[in-house]
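Below is one structure, written out as structure tokens, with a few remarks after it.
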Ligand SMILES: N[C@@H](CCC(=O)N[C@@H](CS)C(=O)NCC(=O)O)C(=O)O
């Protein structure tokens with residue numbers, strides 16, 4: 017299998033965690049932001065990573081979007097399931113995954129790039145890094161007002177997930193798409209002191225899930 021990705025994308029981290037959890041061997045191809053469109057648009061009709069290429073006769077040529085990658089992996093290999101048996105819990109897991117993808121993953125992106133351009137500039141003050149950060153801010157419309165809205169959405173998410181600190185999984189009695197998606201899409205917050213200090217339990221969960229999935233810890237949590 018080949019995963020087309022941006023090495024720093026939290027949505028690509030989500031796909032890597034699922035592949036790692038299922039212990040499916042894969043390789044990655046890191047695309048160059050900007051040039052990625054030339055490769056992806058004809059292949060998937062979309063411009064986003066992650067994209068999974070099974071590279072096997074009889075399998076699809078390419079699967080775009082992390083949610084579709086989860087669904088594909090579950091049918092490709094039912095061992096170490098990402099889905100839950102209880103239909104009610106599974107419905108909740110699907111809802112959480114979709115909400116995390118569409119709302120919270122975006123909020124994380126806004127807060128993260130705002131931090132990297134301001135207080136967190138010293139993480140990489142190089143011209144090239146700041147140029148990329150500014151392009152991303154312009155591309156997604158990251159302004160002080162949209163960042164404030166994103167911060168509110170993240171506070172709401174922390175309330176929704178607060179029960180997680182007292183139990184191993186968000187839902188049910190085993191790891192699911194909900195835990196993996198939360199661990200990946202909230203991981204960029206590990207570099208921001210406010211979130212580290214206010215929600216230490218979240219980063220313990222993120223580290224545990226990375227260890228279970230055999231994925232290197234995200235920046236801020238790695239040694
Ligand atoms: N819902 C998509 C979101 C993926 C996404 O937003 N990927 C970003 C990188 S974090 C991307 O590829 N952006 C480039 C573009 O939109 O052209 C998924 O879950 O795969």
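In the numbering used here, the protein residues as written are 17 to 239. In this text, a Cβ means the ideal position worked out from N, Cα and C, and glycines have one as well.
Its chain contains 146 as the residues whose beta carbon lies nearer than 8 Å to that of residue 137, once the 5 sequence neighbours on both sides are disregarded; these appear in chain order.
DSSP places residue 77 outside both helix and strand once states are collapsed to three, so it counts as coil. In terms of CA proximity to residue 106, 186 leads the group 186, 238, 221.
Sequence-distant partners of residue 42 (beyond 5 residues in either direction) whose C-beta falls short of 6 Å from its own C-beta, in its chain, are 17, 19, 35.
No Cβ-Cβ contact shorter than 8 Å links residue 200 with residue 177.
Relative to the Cα of residue 204, the nearest Cα in the group 144, 125, 166 belongs to 125. The alpha carbon of residue 30 has as its nearest neighbour, out of 60, 50, 80, the alpha carbon of 80.
The beta carbons of residue 156 and residue 82 sit about 17 Å from each other, so the pair does not count as a contact at 8 Å. Between residue 62 and residue 46, the alpha-carbon positions lie close to 17 Å from each other.
When the beta-carbon positions are compared, residue 37 and residue 228 come within less than 8 Å of each other. The C-beta distance from residue 170 to residue 120 rounds to 7 Å, short enough to fall under 8 Å.
When secondary structure is reduced to three states using DSSP, residue 93 falls in the coil class, being assigned neither helix nor strand. Under the three-state reduction of DSSP, residue 186 is assigned to coil, being neither helix nor strand. Straight through space, the alpha carbons of residue 23 and residue 218 are spaced by roughly 22 Å.
Look at residue 71 here: in three-state DSSP terms it is coil, with no helix or strand label. The beta carbon of residue 113 sits closer than 7 Å to those of 83, 193, 194, 197, all from its chain and outside the five residues before and after it, given in chain order.
Distance check between residue 33 and each of 50, 159, 230, 173 places 230 closest, using alpha-carbon atoms only. Per DSSP, the continuous beta strand (DSSP E) segment holding residue 44 begins and ends at 43-46. Under the three-state reduction of DSSP output, residue 110 falls in the helix class.
Annotation for residue 26 indicates a beta carbon within 7 Å of some heavy atom of ligand 1.
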